[in-house]
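Colleague: Mapped onto the working numbering, the consecutive letters of the sequence shown carry residue numbers 15 to 425.
Glycine is no exception: its CB is placed at the ideal position from the N, C-alpha and C atoms.
Quick caveat, the model's predicted, so the values are computed rather than measured.
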Amino acid sequence: MIEDFFRLSQNFIKINNRDYKRYFLKSNPLNNRFSFIVGQRGIGKTTAMTQHILSFYNADIFTSKAIYIQADHFLVGSHSLYEIAEQFYNLGGELICFDEIHKYPNWSMELKSINDTFPKLKIIASGSSALEIYRGSHDLSRRAVVYKMFGMSIREFIEMTANINIESYSLEDIIKNHKHIAHDIINMVEKKDKKILALFKEYLEYGYYPYFNEYKDRGLFYLTLEQNIHTTLESDLIAIYPSLSGNSIKKIKKLLSIIASSVPFTPDLKNLKTLLDIGDERTLKTYIKYLEDAGIILTVSKSGKGLRGFEKPEKIYLNNPNLIYAIATPDHADTGNIRETFFLNMLHTSCKVSIPAKGDFFINDRYTFEVGGKNKTFTQIKNIKNSFLAVDDIEIGVGNKIPLWIFGFMY
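Structural data, given as structure tokens:
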């Protein structure tokens, strides 16, 4: 039996390996005994696991020390994860990787048993960003370290497409030194006969998902994004929350359709309840949370707490600009929405983001940002301490006027 899984593992590793190594493995070496990688579909979780295996075992896809298991593969259906792990461990196995773990019934119970029974076996599991490893009686939160993976930054997009190495910068670095940082990046890009603003435009359209270069037809690429959303809602959510009915999924899809047709969306919960035929506000907020946990939308509140406190979000955006091009209605795929979505998507990964009384975004309870085009002025945020403009269509900024594209170099 284990021989079949070794052959399957070798094939998957060969297919899913890529030359470019993203920020995730550089920032998270996955040295813990038990690691979870969570993130939305298509952002590179499988590739990260295969690259991790190859980096630890001298790029040997035939190593018997590591094995990759796709938890929703039909061969797995006739065996338990525990049984596979036991046979692998008894043959001297050291690292076992389970992909799409949320598709396997009772995954948390089996992973807990594997972790407790084989103390020298290293486990890495990946799953949907909506994966709830903290729920149920088989609580894994004390055993596993959870790593959240995001899509590509523009820094990574440029590294991949122009074949150059560029360092990342903190928000404070950018605020204090944006002119020097922008100058250095532009010099590197232009040595490759590229222009930073042209690369930024390409990134906004299709650069967030690392498999973009597998599709020459942009329409087909956007179709895969739509299909990923359908799979997330119709398959992943039900696998994670079996109590969700078909009617509930229909309402969640309708909710997404309403949001996508009006982004950035300012929710009127009373009106939404009527439109979706939902009886109570808590259920509606839960549906919004499911969409955010699944990596399809981003919510921003006045308090900056997201929906963890279940308060009403002040604004709702699609998760990233690529999704705007794929599913938003044409009149809401406007430049202003795309700019704000990019800024929020880049900063929410490492910063606290909320909606201020004046300006577009309040970052880390300290910095007020207004996002706009090159003619944007400080009129709306004048006399506000620590206020800045994040401005599109400029290569290099001045003072508190910072190029929008540079915020894509934070990871």
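Since I believe I168 is in contact with Y217 (beta carbons under 8 Å), could you give me their beta-carbon distance rounded to a whole number of angstroms?
Modeller: Within the sequence shown, residue 217 is the residue found at index 203, counting from 1. Within the sequence shown, residue 168 is the residue found at index 154, counting from 1. Indeed, because the Cβ distance is near 5 Å, the residues count as touching under 8 Å.
Colleague: Can you find the residues in the same chain that come closer than 6 Å, C-beta to C-beta, to C111, ignoring five residues on each side of it along the sequence?
Modeller: On the sequence shown, position 97 is the one that residue 111 refers to. Only M63, Y82, I138 meet the Cβ criterion.
Colleague: Which residues mark the beginning and the end of the beta strand (DSSP E) in which L312 is found?
Modeller: On the sequence shown, residue 312 is found 298 positions in, with the first residue counted as 1. Looking at the DSSP string, the run of the beta strand (DSSP E) that includes L312 is 311 to 314.
Colleague: Mind checking who F402 pairs with in its DSSP beta bridge?
Modeller: Residue 402 sits at position 388 when you count from the first residue of the sequence shown. DSSP lists F383 as partners of F402.
Colleague: Apply the 10 Å Cβ neighbour rule to Q65 and answer buried if 16 or more other Cβ atoms are within range, or exposed otherwise.
Modeller: Locating residue 65 in the sequence shown gives position 51, counting from the first residue. Label assigned to Q65: buried.
Colleague: Out of curiosity, what's the CA-to-CA distance linking V159 and T393?
Modeller: Along the sequence shown, read from residue 1 onward, the residue named residue 159 stands at position 145. Along the sequence shown, read from residue 1 onward, the residue named residue 393 stands at position 379. Rounded to the nearest angstrom, the two C-alpha atoms are 45 Å apart.
Colleague: According to DSSP, is F375 part of a helix, a strand, or is it coil?
Modeller: In the sequence shown, counting from the first residue as 1, residue 375 sits at position 361. Strand, per DSSP.
Colleague: Can you give, in chain order, each stretch of the alpha helix (DSSP H) that sits fully within the segment 150 to 228 and has at least 4 residues?
Modeller: Here the runs fully enclosed are 168 to 176, 185 to 204, 210 to 220.
Colleague: Would you say the beta carbon of S184 comes nearer than 7 Å to a heavy atom of the ligand SAM?
Modeller: Only the bare structure without any ligand can be found here, which leaves the ligand SAM out of the picture.
Colleague: Label Q241 either buried or exposed according to how many other C-beta atoms from any shown protein chain fall within 10 Å of its C-beta, with 16 as the threshold for buried.
Modeller: For the purposes of this step, residue 241 is identified with residue 227 of the sequence shown, where counting begins at 1. It counts as exposed.
Colleague: Return helix, strand or coil for Y331, following the three-state DSSP convention.
Modeller: Working through the sequence shown from its first residue, we reach residue 331 at position 317. Y331 falls in the strand class under three-state DSSP.
Colleague: Once you ignore the five residues that flank F164 on each side, which residues in its own chain have a CB closer than 6 Å to its CB?
Modeller: On the sequence shown, residue 164 is found 150 positions in, with the first residue counted as 1. Once the five neighbours on either side are set aside, the close Cβ partners of F164 are T363.
Colleague: Compare the C-alpha of D250 against each of D153, L283, K396, G53 and name the closest.
Modeller: Your numbering for residue 250 matches position 236 in the sequence shown. Taking only the C-alpha atoms, the option nearest D250 is G53.
Colleague: Let me confirm a value: V412 is counted as buried when at least 16 other C-beta atoms fall within 10 Å, else exposed. Which label applies?
Modeller: Reading the sequence shown from its first residue, position 398 is the one you call residue 412. Result: exposed.
Colleague: Less than 8 Å separating the beta-carbons of I9 and Y301?
Modeller: Since the first and last residues shown for the chain are 15 and 425, residue 9 lies out of range.
Colleague: Just the C-alpha distance for S143 and V203, rounded to the nearest angstrom, thanks.
Modeller: Counted from its first residue, the sequence shown places residue 143 at position 129. Counted from its first residue, the sequence shown places residue 203 at position 189. The straight-line gap from Cα to Cα measures roughly 33 Å.
Colleague: When burial is assigned at 16 or more other CB atoms within 10 Å of the CB, is G107 buried or exposed?
Modeller: Within the sequence shown, the letter at position 93 stands for residue 107. Buried is the call here.
Colleague: How many angstroms separate the CA atom of T433 from the CA atom of K230?
Modeller: For the chain, the structure presents residues 15 to 425; residue 433 sits outside this window and is missing.
Colleague: By Cβ distance, which residues of its chain are closer than 8 Å to G318, with the 5 residues on each side in sequence left out?
Modeller: For the purposes of this step, residue 318 is taken as the residue at position 304 of the sequence shown. Low per-residue confidence applies at G318: pLDDT is 47, beneath 50, and the placement is therefore not dependable, though the value from the model is reported in the following sentence. Closer than 8 Å at Cβ, skipping near neighbours: K366, V367, S368, F376, D379.
Colleague: Report the residue from A196, K79, D348 whose alpha carbon sits nearest the alpha carbon of E219.
Modeller: Locating residue 219 in the sequence shown gives position 205, counting from the first residue. Selected option, being the one with the closest Cα: D348.
Colleague: Going by C-alpha to C-alpha distance, which of H93, L403, A308 sits closest to K162?
Modeller: Working through the sequence shown from its first residue, we reach residue 162 at position 148. Considering only alpha carbons, the answer is A308.
Colleague: Is G260 helix, strand or coil by DSSP?
Modeller: Within the sequence shown, the letter at position 246 stands for residue 260. Correct three-state label for G260: helix.
Colleague: What whole-angstrom Cβ distance do F423 and S41 have, given they're in contact under 8 Å?
Modeller: For the purposes of this step, residue 423 is identified with residue 409 of the sequence shown, where counting begins at 1. For the purposes of this step, residue 41 is identified with residue 27 of the sequence shown, where counting begins at 1. With a Cβ gap of about 14 Å, F423 and S41 do not count as contacting.
Colleague: Could you check which residue in A176, T313, I67 has the C-alpha nearest to that of E354?
Modeller: In the sequence shown, residue 354 corresponds to position 340, counting from 1. The shortest Cα separation from E354 among A176, T313, I67 belongs to T313.
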